[in-house]
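Participant: Residue numbering for the sequence shown follows the UniProt record's numbering, starting at 1 and increasing by one per position.
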Amino acid sequence: MTKSVARLRSVGDHCYAWVHSLATWGYSNAGVVVDASGRQGLLVDTQFTLGWTRQLRDAITDTLPELAISDVVNTHANGDHTHGNMVFADARVWSSKQTAADVAAEVSPEMLRQVFTSSLPEPLAGYAHRFFGQFDFSDIQTVPPTDTFSGQHTLRVGDTAVELLELGPAHTHGDVAVLVADDGVLFTGDLLFVGDHPVTWSGPLDGWIAACERMLATGATTIVPGHGPVVGPDVLREFMHYLEHVAEHALAACRAGTPYTEAARTLPIPEYAQQWGNPERLVFLVAAVYRSVGAPAPLAQLELLADAAQIAASLGR
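This is the structure:
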């Protein structure tokens, strides 16, 4: 698999975005909010591995040599947004209360290492090696949030207000978006994927659609997704319509008695999403719709990942 390249660039008077060239599994974006002096900063999310997080830290130092990160905001509990917290040991770590609970239940870095280096059945083994084999999970110590909130909370970086907006359950139970209204910048975490089909670990999709509506209502003009390039609100609106499309077709398939895996494999993809990567991840979304109406579909991460691997194999991926 092609390796990602990431760089830090300015996206506003007080905001920087760390964006990967790949949008697929594990390659997550991050953000930095700085005060006018360039000395105080807040970091939105860390990285999947210590190596990637240290690259992020070094890029921050190269760009803003006097900056000290006083706060880290974890937009949700997934490891590709939290595993690097330990690199910023002097910072307070913020999340929603629900995300803090999710972190405690999240698969540990050591467990990930064991799973992805064990003898998994095919096609899961090949899929896991392709998408996760390049990540080194060694030496990671989970650092949970030190400060939590529910609903909405305001932090300040110098004179700049940073609004933490709890919008889950959607991608996960405790999703948070980070708004810097002065710059018109919104860091969405994994409430937005650009260029790849998304994945949900909780659902329901109705909750995710509502989260998109709330993000659009902020009026932000520069949107930094959890995965993929920086975009404007039109792309977020298109993503919301995609979720509506998936929910509608998945519900129809469920009512017709179609197994969730077959519904995911055959779900018609809108023209604007035809070139998105990882279409097998539709199984996560379809399963969430089935669960929301009481139809049989799993929630276990490894089981759904195995389903995705099976669909990818059937599609020749």
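Heads up, the beta-carbon is just placed ideally off N, CA and C, and yes, glycines get one too. What you are looking at is a predicted structure, and each value in this text was computed from that prediction instead of being measured.
Under three-state DSSP, which class holds Y27?
Facilitator: Stepping through the sequence shown from its first residue, residue 27 is reached at position 27. It is coil, neither helix nor strand.
Participant: Exposed or buried, which one is L299 when buried takes at least 16 other CB atoms within 10 Å?
Facilitator: Sequence index remark: in the sequence shown, residue 299 carries index 299 (1-based). Exposed.
Participant: Excluding five sequence neighbours on each side, which residues of the same chain lie with their C-beta closer than 8 Å to the C-beta of M240?
Facilitator: On the sequence shown, position 240 is the one that residue 240 refers to. Answer for M240: I209, C212, E213, L216, listed in chain order.
Participant: By the 10 Å Cβ neighbour count, where 16 or more other Cβ atoms means buried, how is A104 classified, buried or exposed?
Facilitator: Position 104 of the sequence shown holds residue 104. Classification of A104: exposed, given that the 10 Å Cβ count is below 16.
Participant: Measuring only the C-alpha atoms, how far is A68 from Q114?
Facilitator: What you label residue 68 is simply residue 68 of the sequence shown in a count that begins at 1. What you label residue 114 is simply residue 114 of the sequence shown in a count that begins at 1. Each residue's Cα considered, the two are about 35 Å apart.
Participant: With which residues is Y69 paired in a DSSP beta bridge?
Facilitator: Taking the sequence shown and counting its residues from 1, the one referred to as residue 69 is at position 69. Residue identity check: residue 69 is Ile in the sequence provided, not Tyr. The partner list for I69 (beta bridge, DSSP) reads G41.
Participant: Please determine whether the Cβ atom of V5 lies at a distance below 7 Å from any heavy atom of the ligand MG.
Facilitator: The model on display carries no ligand, and the ligand MG is accordingly not part of it.
Participant: For T222 versus V199, is the C-beta spacing smaller than 8 Å?
Facilitator: What you label residue 222 is simply residue 222 of the sequence shown in a count that begins at 1. What you label residue 199 is simply residue 199 of the sequence shown in a count that begins at 1. In this structure, V199 does not lie closer than 8 Å to T222 by Cβ.
Participant: Drop a sphere of 10 angstroms on the beta-carbon of D90, count the other beta-carbons inside from all chains shown, and report buried for 16 or more, exposed for fewer.
Facilitator: Counting from one through the sequence shown, the residue named residue 90 turns up at place 90. Exposed, by the Cβ-count rule.
Participant: Taking just the CA atoms, how far does L304 sit from G257?
Facilitator: Within the sequence shown, the letter at position 257 stands for residue 257. Within the sequence shown, the letter at position 304 stands for residue 304. Their backbone Cα atoms lie some 19 Å apart in a straight line.
Participant: Check this for me: beta carbons of L285 and A252, under 8 Å apart or not?
Facilitator: The residue you call residue 285 lines up with position 285 of the sequence shown. The residue you call residue 252 lines up with position 252 of the sequence shown. Not a contact, by the Cβ cut-off of 8 Å.
Participant: Checking 8 Å against the spacing of the C-beta atoms, do F187 and W25 come in under that value?
Facilitator: Taking the first residue of the sequence shown as position 1, residue 187 is located at position 187. Taking the first residue of the sequence shown as position 1, residue 25 is located at position 25. Cβ distance not < 8 Å, so F187 and W25 don't count as in contact.
Participant: Can you tell me where the beta strand (DSSP E) with E163 in it begins and where it stops?
Facilitator: The residue you call residue 163 lines up with position 163 of the sequence shown. It spans 160-166 - the beta strand (DSSP E) in which E163 sits, taken as one unbroken run.
Participant: Within the chosen definition, does the segment 25-35 reach the segment 223-230 through at least 3 CB pairs nearer than 8 Å?
Facilitator: The segment 25-35, when compared against the segment 223-230, does touch it at the 8 Å Cβ threshold.
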